[in-house]
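Those letters in the sequence shown? Residues 1216 to 1346, per our numbering, in order. Where a beta carbon is used, it is the ideal one built from N, C-alpha and C, also for glycine.
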Amino acid sequence: MFIIGNVSVHRNRSDCYANLVQTLNRLHKDDYDELATKELSRKCDHNDTNCSSRVNVFLDLFLRGGRNVTQQLIIKHFLKIENPNENDTERIFFHIPRLRNPSLVIIFNATQCKVYMLMLSYRMLERYMDR
1216 MFIIGNVSVH RNRSDCYANL VQTLNRLHKD DYDELATKEL SRKCDHNDTN CSSRVNVFLD
1276 LFLRGGRNVT QQLIIKHFLK IENPNENDTE RIFFHIPRLR NPSLVIIFNA TQCKVYMLML
1336 SYRMLERYMD R
């Protein structure tokens, strides 16, 4: 185990993630697209932490590569949905500056989603203050 900032990280988890990155980079385009589609379209129940953790790992993995199919899937399954998940959108925002070739479409949709989330927060605060 080692420390990054104030977070302890198990070496096995870091090694596993590094191995996943290498494996993902070696996949044939069709296999990459199939895996990205399967993992990024996964819907988790609200209280299913294992599923959410898996989605987070794959979000990190696929956004690290930033291929066009990844960006399209992120828009479809995370940004252009009725009630976007705040944690997922924050994770996506973290990765956008690191994308090698971010499309204008993902930047626009991510920004639009962030504005929507801020408006919801503002409305909730207004309702709370009116009580």
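For residue i, which of helix, strand or coil comes out of DSSP?
| i | result |
| --- | --- |
| C1259 | coil |
| S1336 | helix |
| N1271 | helix |
| I1321 | helix |
| N1227 | helix |
| F1217 | With a pLDDT of 45 at F1217, under the threshold of 50, the modelled position of that residue is not reliable, and no figure is offered here. |
| P1312 | helix |
| I1290 | helix |
Indicate, with yes or no, if the ligand MG has a heavy atom lying under 7 Å from the CB of residue i.
| i | result |
| --- | --- |
| N1298 | No copy of the ligand MG appears in this structure; indeed no ligand is present at all. |
Taking 6 Å as the limit between beta carbons, can you name the residues of its chain near residue i, skipping five residues before and five after?
| i | result |
| --- | --- |
| T1278 | It should be noted that the sequence gives Leu, not Thr, for residue 1278. Taken in chain order, the residues that qualify are H1310. |
| L1255 | L1288, H1292 |
Please report the straight-line C-alpha distance between residue i and residue j, rounded to a whole angstrom.
| i | j | result |
| --- | --- | --- |
| L1335 | D1345 | 15 Å |
| S1267 | C1259 | 6 Å |
| N1283 | E1341 | 39 Å |
| L1276 | L1235 | 8 Å |
| N1265 | Y1232 | 16 Å |
| I1322 | G1281 | 12 Å |
| R1313 | R1338 | 31 Å |
| K1295 | F1273 | 19 Å |
| N1240 | T1326 | 28 Å |
| E1305 | T1285 | 17 Å |
| A1251 | Y1343 | 40 Å |
| N1324 | E1301 | 14 Å |
Among residues of its own chain, excluding the 5 on either side of residue i, which ones have a beta-carbon nearer than 8 Å to its beta-carbon?
| i | result |
| --- | --- |
| P1299 | F1293, C1328, Y1331, M1332 |
I'd like the list of long-range same chain contacts for residue i, defined as Cβ closer than 7 Å, with 5 residues on each side in sequence excluded.
| i | result |
| --- | --- |
| N1316 | G1281 |
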